[in-house]
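This report refers to the structure that appears directly beneath it.
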Amino acid sequence: MSEVFLAQPLHHFVHGFILFGTQLQLWVFDRSGPYCESIIDIGKSPKKLVHVLAAYMMMSDKEHGIDSNI
């Protein structure tokens, strides 16, 4: 992730998704390190996957971690 912050200095944090089988992990990486927001079993809750992806696509630049003040 350090490469992202070096190449894109306006990012304060970056969202990440990791899929292990049916387990989807939602991560946020900021300049101090990563943290896992939640884990969703998409096999048991496929609607949550749709909700997460739709919410991610609807986020503003600020919610995506981009500093829009510059």
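So in my numbering, spot 12 of the sequence shown is number 26, and the numbers just go up one at a time.
For glycine and all other residues, C-beta sits at the position ideal for the given N, C-alpha and C.
Computed from a predicted model, the values in this text were never measured in an experiment.
**OP:** Could you tell me which of M71, I53 and M73 sits nearest to T36, measuring between CA atoms?
**Re:** I53
Original post:
DSSP on L33, reduced to helix/strand/coil?
Top reply: strand
Original post:
In the DSSP assignment, what residue or residues form a beta bridge with Q39?
Top reply: I32 and I53
Subject >> First through last residue of the alpha helix (DSSP H) which encompasses H26 >> reply: It is not in any alpha helix (DSSP H) - H26 carries neither H nor E in the DSSP assignment.
Original post:
In chain order, what residues of the same chain lie with their CB nearer than 6 angstroms to the CB of D75, ignoring the 5 residues before and after it?
Top reply: S82
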